[in-house]
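Take a look at the structure set out below.
4 protein chains.
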Amino acid sequence: MLLRRFYQEELAQAGYLVGCQATGEALIVDPNRDIDQYIQAAQKEGLRITAVTETHIHADFVSGARELAARTAAKLYLSDAGPAEWKYSYAAEAGAILLRDGDHFMVGNVRIEAIHTPGHTPEHLSFLVTDTAGADRPMGVFTGDFIFVGDVGRPDLLERAAGVAGTMEPGAHDLYRSLQRFKELPDYLQIWPGHGAGSACGRALGAVPQSTLGYEKLFNWAFGYTDEQAFVHAVLEGQPEPPPYFAQMKRINKHGPAPRPQELLRQLSLQDLEHGRAGELLLIDARSADGYAAGHIPGTLNLPAGSTFLTWAGWLLPYDRPLTLIVEQSRLPELRDLLALIGLDQVVGYWEPAILEAWQSQGHKLARFDRRSARDLQTQAAERGMAILDVRTPAEYAAGHIPGALNIPLNQLQSRVREIPRDQPLLVYCQSGARSPIAASLLTGQGWEVVEMRAGFAGWQSAGLPCER
Amino acid sequence: MLLRRFYQEELAQAGYLVGCQATGEALIVDPNRDIDQYIQAAQKEGLRITAVTETHIHADFVSGARELAARTAAKLYLSDAGPAEWKYSYAAEAGAILLRDGDHFMVGNVRIEAIHTPGHTPEHLSFLVTDTAGADRPMGVFTGDFIFVGDVGRPDLLERAAGVAGTMEPGAHDLYRSLQRFKELPDYLQIWPGHGAGSACGRALGAVPQSTLGYEKLFNWAFGYTDEQAFVHAVLEGQPEPPPYFAQMKRINKHGPAPRPQELLRQLSLQDLEHGRAGELLLIDARSADGYAAGHIPGTLNLPAGSTFLTWAGWLLPYDRPLTLIVEQSRLPELRDLLALIGLDQVVGYWEPAILEAWQSQGHKLARFDRRSARDLQTQAAERGMAILDVRTPAEYAAGHIPGALNIPLNQLQSRVREIPRDQPLLVYCQSGARSPIAASLLTGQGWEVVEMRAGFAGWQSAGLPCER
Amino acid sequence: MLLRRFYQEELAQAGYLVGCQATGEALIVDPNRDIDQYIQAAQKEGLRITAVTETHIHADFVSGARELAARTAAKLYLSDAGPAEWKYSYAAEAGAILLRDGDHFMVGNVRIEAIHTPGHTPEHLSFLVTDTAGADRPMGVFTGDFIFVGDVGRPDLLERAAGVAGTMEPGAHDLYRSLQRFKELPDYLQIWPGHGAGSACGRALGAVPQSTLGYEKLFNWAFGYTDEQAFVHAVLEGQPEPPPYFAQMKRINKHGPAPRPQELLRQLSLQDLEHGRAGELLLIDARSADGYAAGHIPGTLNLPAGSTFLTWAGWLLPYDRPLTLIVEQSRLPELRDLLALIGLDQVVGYWEPAILEAWQSQGHKLARFDRRSARDLQTQAAERGMAILDVRTPAEYAAGHIPGALNIPLNQLQSRVREIPRDQPLLVYCQSGARSPIAASLLTGQGWEVVEMRAGFAGWQSAGLPCER
Amino acid sequence: MLLRRFYQEELAQAGYLVGCQATGEALIVDPNRDIDQYIQAAQKEGLRITAVTETHIHADFVSGARELAARTAAKLYLSDAGPAEWKYSYAAEAGAILLRDGDHFMVGNVRIEAIHTPGHTPEHLSFLVTDTAGADRPMGVFTGDFIFVGDVGRPDLLERAAGVAGTMEPGAHDLYRSLQRFKELPDYLQIWPGHGAGSACGRALGAVPQSTLGYEKLFNWAFGYTDEQAFVHAVLEGQPEPPPYFAQMKRINKHGPAPRPQELLRQLSLQDLEHGRAGELLLIDARSADGYAAGHIPGTLNLPAGSTFLTWAGWLLPYDRPLTLIVEQSRLPELRDLLALIGLDQVVGYWEPAILEAWQSQGHKLARFDRRSARDLQTQAAERGMAILDVRTPAEYAAGHIPGALNIPLNQLQSRVREIPRDQPLLVYCQSGARSPIAASLLTGQGWEVVEMRAGFAGWQSAGLPCER
């Protein structure tokens, strides 16, 4: 089992990732709207987000649960506990799985059990976590806004922030009973709360990130009360005024938060790649020719970022298909700006080069081709009976070429592909090595075994090898 | 007169800014679609773009002329020379001013005269530039794709790239005649061409950025011909195949290029600021309280970027109005992401803090308020008969406040503004100095003379000054 | 109490900060050599590092304890437990306080008690942490390389990596006994280990960042043994080969690691600022004139980063004194490069502008001066009987100035300071407002009450106020 | 010929690069101390800086000529014109070639002729530039601080700034005569001056970057005078006070400016690489295994930046040799910080990966090895009679390996290299593909023909290929 905490300082808000390394699955608990952080963290650990949940309808931030589940195609688990007026109204529409007290689900070998802990809100769940691979008892609890380090979630927000009159005192009674129930659980349990010091969802949260149930039983003021009425009085007293936006949050999170407005160019997922290849998207791999030759997603086109990127984009890219790029995010604006200079505005997304590893880890293959020096190739070409393809212009070809080479200029390659022999390995070259990898990328994608000549005809000539006019 | 060259390496394309420092006006010649660079360069020089033009309908990149003129409200000058089929079809719609051979316009003291120089294209203009403040003869010529350093613009693109049959030979004749006409102009003229080495719009462009007419007359091969037919033959021979996207560019640039798709959050202009204040926009100045107090655009709200930004955004910002920010671009993503966490998605743009200087340079005033220490203020408040406003919560106020202070919590300030005396200077304070600048920003905008207490009531107490409960 | 964990992924190594908010003190446990992270984290929380310790002599990374203690003037606590050959040989030289089993020290209200837990190494300590402000029993233990999540620290490194023959089996026995001793401690204790999954200091560390003692008693394999010999056999079996550099680390960390080689320009501390002002350093505050006027460290010189920075640096800075800057780190290279252009190479360090808050939080005062518009000042100057100082060149002064103004050009100000009247407030102006804040910064530092005229004589003239020639 | 201008805004200072593309040589004129910019610009254009010069002893910035020449091993050309007291005193020591009026040197096909143009300073040279490849007459002149756009260099600085009494009037006379001499040169010459608007080296410089001699003859006030005495009077009148640091600059630039203090980690040159390989340096190539396999500098060690970088650095790098890295600058701090964590402080420099192209362009070869999938290799290994090397630990080997494989763990490879057969191609593998490229890099560097197995033994097993225990 793997655990990671995500802490949003300004909201003093904690979300969590629970992963099972054995199966590669991961659960996100209480995500906020900055959902990229969860996806990236999972990817970095080699995990796939397969489940998303939240402890309750949050009042202090827009939930990211719905969007995260939609984006990752993960299962969305939502509370079905508590009174009817506090059910998630978007649950059915989002295909959520509803949880009540005692329900559980698995994330690989990790068992997640829902405990209904009303008080802060009527539908509030806590999640008991058991790493069944190594233990038969739970390790800890995600307590959301129920138990914090040294405090408990205030039960008056519904009434004071969202204006639902008459909920604050019943909430306080619920909270007392939820606390009593937790007294029965073992002391060694870790407590993973939904907020840290500074949150407006409690009064006096500690600045230690997490706690244990045993320690809280001893030193959390709320566990100290044995008289319910006295507790109710104490927990409602002296709570500060809640910020007015809390009312908005409650409404939004109950009825279904909209996704965040996207950047023009968003980072795409492995699923996008899997679907994209089959469909409309044109996939451009902007890595170096060497990196591309050494391994690439089949069906992509190699246009290395650099001084000739725009030239070949102008020659080869259509104006009527959505474009995507495989490129480091740091180079993305430059490439998009270059494409815009010639009106290629249909760039809809990109992948970091790390997508190639994710691609392989899902059992997909990479394509590759060899890059060789002129001298290497002269020997091989004869030995292996290679066909030779010259992708330069007719004028360049006329001025000198490798004996026996077929000439199809790069920009005609797609339309004249049938002229190329299919039954032999294919040596591809251009003048300096800038065009031949692009040609190799086109032909490897269509089934040829390609060997590309690294330094082009210039290299061939400077090695003193035979030419023909 | 001020001259700046903008060089786009991948296109080997040059645009130019001509400015008149005396009047603050600027002209952009041959802008490409990356128009922010021209706006920023003008701003940096303290100039306003008041005119935009281009030498011809470009074939190798999307023109930025139309969008740049629209965005800056500059006059757009377009060629009206040549045959009817090569008129700009969007000229009327864009309110362009049409130019024919011999027409001129002024950019401050700089005179721009159009010379019809067909050849590369039928409508091609060159622009003769005279700095009338210091000279009565021209300094140089923007030659676009007519004369390059060591070469001339190829006259075969219309036919070879755009498929307009039968234009290439007449074009070559035109080009010859345009060259003869330039032989009459003085040798000392600077030649500012539209392309450098590597462009596909010519054959053999030199790698020196600009030239002089005298030098070109001596060493440019095209000036060497005195036989028109021989020239026509020479200029059409051996031109390389043009990239296929050139046909697209011709069509787009003639019929009116669309603006570039915008980033989600675009940098706004001074005009946006001038209009925005009157209208719907909520303007948030995210600079430090000190910077804000020292000078700010009247009517803005100060929410300093930092650890309390999100808290006060949640308290004070509405969900139904477009928001704009004054903030360094480098901090923008952070603030937008924070606002998104609580669903404030309506951020539509931003200004760099340098906008304050542009604002003042247009004759607008800044508002300001004083920030003073507790000890300073105690003396002044008595001397100057100040009213005192405490913007903390009632609970904080009840626990101790400055004698005689009126209590209106910050989050009620907008609705209870009438309770504040109008005829006296106003001392504003909170607990630690985080809330009072925000209050000061609200009240200064509505006409109060505000003095804000820097370290808040905490500072007042630690200075041992009198308190009241 | 405040707790923060620092995790170094590549080493799978954890260090910790324990802070007491009530007293502003902080302890760092097991720092590695990247010590800036601890200083910055403490600063961000408003804490001062007053104590540094480590659980044992590390084998897998260079310790930062010695350097961190030296840089922050914190107390350094080191183990004195175990046999003589495993004492820290640099302890006396570094003025360290030595700890044995049962010793304790306070970090504000937080009690840190050393428990000798040999096994991984002979001198290994664990630290029991009690938050005495809220509890009378401990909250958790820093277990270093003794107990990990699901594993224990391997006792064979001394022998296998550092070549100290015959230590591995005794170490394993020690480890068994240390574990038995921990069985007596309560289940609810948090376990804060020194390593996470992937470290070469253990065999099978879990990927959950921390644990509880109760959970480890149940599920950590090492607690499962009740036969000492069987445990010794088990813990020594199947340990992987340690990396060869571990031997180096042991030696270095025992004999005293050298500080990291510094960047040319290092970030300075509050102490550097306190000492620097008294001494040789010239302190340049490169913030905007507005920010500077609103509050600055007395004795600093204001040279705002921007287009005139280099000009005034050339006029005002000496070539024979070390220079320091107050400036955002992101602008630092630019300023240093500009200064180098004119040979001012003696820049030795910088502070982020946040140093001003640290300065104040230590009870130091900021200086300030007013910046006012021409119209404001005309009224005030008369009312308050201000002296008027014109810091422009004699030529500018001769061409027109404010009636009654004294002229001392900025570059002569330091040598002619005695000519300025001391008994009146002083209005300072230049032409456009670029030079007067620099003058104001020089004079405020020497005791004048300065009011600076924001838009300079240009503003005075354009407001139509009286001039004299 | 290729020309590039480098403009330093704060100093309003222009330097120039003149290149000959045919021979790959470049000259830098009037470099300032930020010399990296010139080296990078040359590299980008595929040129080598082979000559450095300056027009005169600058007064407003530290010259970079000496350091640039030393760093690039270029020839340094300095003025030997004018009186003895204005000779460069470091010329002999720096091995400079001295120039007098009429001397010339070649930069490839470009001819640079020195013209003595005293006035601003006694030793001032201008440089007449002729592109002999395309022309037999000059194209333009580097005029330094002699002729600016619309102004001339002030002749009073020596006296007013450097305190050399009695030089200002003779200087003005010299200047007059230098101007008369230039009247003889043709109008079409480009004028490339050493300063733009805003410099303190002249009075009224225009904001157009360059001019033509014909235009200056017509409109530059200084050319308007035909009476020498009247000119002398005019040029000395109304010059503003020079900044005091000018005196320092004169002294420094005459006696030999020191190099700029270096960053801790400086970017190394191609020469450093050429020398470094032969010597003490350990060269680590931190690019990806794919990039490395596809082509690398022989003798380098591949440690890909990423999560295992530190692990293998700890296993393989010595503590007693200087280390250098081939890595993008953006990733450099991260790698250096990681190495420092384990005390590897001896990192002395780095190269950007682009160095590989520079390396090849100088005729050096790259080494390479193949990376293949398990299935490919099974076939090949048999066919080609490959030896097989397993670089995992003995424990891993014992648990299963490729039949016939020799086992030498990666960390013993350097000491046990003789055990590996030399007469066969060598298949190298590890467990997952992280260690085998490092092994391949070590072995390829020592002459083996290596084929590396991409996905390691894990890939071999999952392809169902035969194993042995």
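Protein chains in written order, with this note's numbering: chain A, 4 to 472; chain B, 4 to 472; chain C, 4 to 472; chain D, 4 to 472.
By construction, the Cβ of each residue, glycine as well, lies at the ideal position given by its N, Cα and C atoms.
By the rule that beta-carbons nearer than 7 Å mark a contact, residue 151 of chain D does not touch chain B. Shortest Cα-Cα distance from residue 449 of chain A to any of A:372, A:384, A:434, A:403 involves A:372. Closer than 7 Å to the CB of residue 6 of chain C there is at least one CB belonging to chain A.
Residue 293 of chain B has a beta carbon lying within less than 7 Å of a beta carbon in chain C. Straight-line spacing of the CA atoms in residue 439 of chain C and residue 393 of chain C works out to 8 Å.
Sequence-ordered contacts of the region 376-403 of chain D with chain C read 396, 398 [C-beta pairs closer than 8 Å].
Collapsing the DSSP output to three states places residue 403 of chain C in coil. Identification of chain C residues near residue 298 of chain B by a Cβ-Cβ cut-off of 9 Å yields 293, 374, 457, ordered along the chain.
Around the beta carbon of residue 82 of chain A, 16 or more other beta carbons sit within 10 angstroms, so the residue counts as buried. Scanning the region 135-207 of chain B for uninterrupted beta strand (DSSP E) segments of 3 residues or longer gives 143-147, 193-196, listed from N- to C-terminal end. With respect to the C-alpha of residue 50 of chain A, the residue from A:349, A:5, A:336 having the closest C-alpha is A:5.
DSSP lists B:18 as the beta-bridge partner residues of residue 9 of chain B.
Apart from sequence neighbours up to five positions away, the residues of its chain that approach residue 318 of chain B with a beta-carbon distance below 6 Å are 414, ordered along the chain. The Cβ-Cβ distance between residue 276 of chain D and residue 325 of chain D does not fall below 7 Å. No Cβ-Cβ contact shorter than 7 Å links residue 214 of chain D with residue 208 of chain D. Chain B places a beta carbon closer than 7 Å to that of residue 13 of chain A, counting this residue as a contact. Your pair residue 53 of chain A and residue 32 of chain A does not check out as a contact, with CB atoms roughly 13 Å apart and the cut at 8 Å. Judged by their CB atoms, residue 391 of chain D and residue 405 of chain D are nearer to each other than the 7 Å cut-off. The C-beta of residue 469 of chain C comes no closer than 7 Å to any C-beta of chain D.
No Cβ-Cβ contact shorter than 7 Å links residue 158 of chain B with residue 105 of chain B. Shown here, residue 100 of chain C sits in a strand according to DSSP, grouped into three states. Here the alpha carbon of residue 17 of chain C sits roughly 28 Å from the alpha carbon of residue 220 of chain A. The region 171-182 of chain B makes no contact with the region 255-263 of chain B, as fewer than three CB pairs between them are under 8 Å. Residue 248 of chain B is not bridged by DSSP to any residue. The alpha carbon of residue 205 of chain B has as its nearest neighbour, out of B:168, B:156, B:460, the alpha carbon of B:156. At a cut-off of 7 Å between beta-carbon atoms, residue 138 of chain D makes contact with chain B. Beta bridge pairing from DSSP links residue 29 of chain C with C:22, C:52.
The beta-carbon of residue 420 of chain C is placed no less than 7 Å from the nearest beta-carbon of chain D.
Shown here for residue 200 of chain A: same chain residues with a beta carbon closer than 7 Å to its own, the five before and five after excluded, namely 15, 208, 209, 210 in chain order.
Against chain D, the CB of residue 210 of chain B has a partner CB under 7 Å away; the residue lies at that interface.
The count of Cβ pairs closer than 8 Å, one atom from the region 74-88 of chain A and one from the region 136-154 of chain A, stays below three, leaving the stretches out of contact.
By the neighbour-count criterion, in which 16 or more other beta carbons inside 10 Å mark a residue as buried, residue 196 of chain C falls on the buried side. The alpha carbon of residue 230 of chain D has as its nearest neighbour, out of D:180, D:185, D:188, the alpha carbon of D:180.
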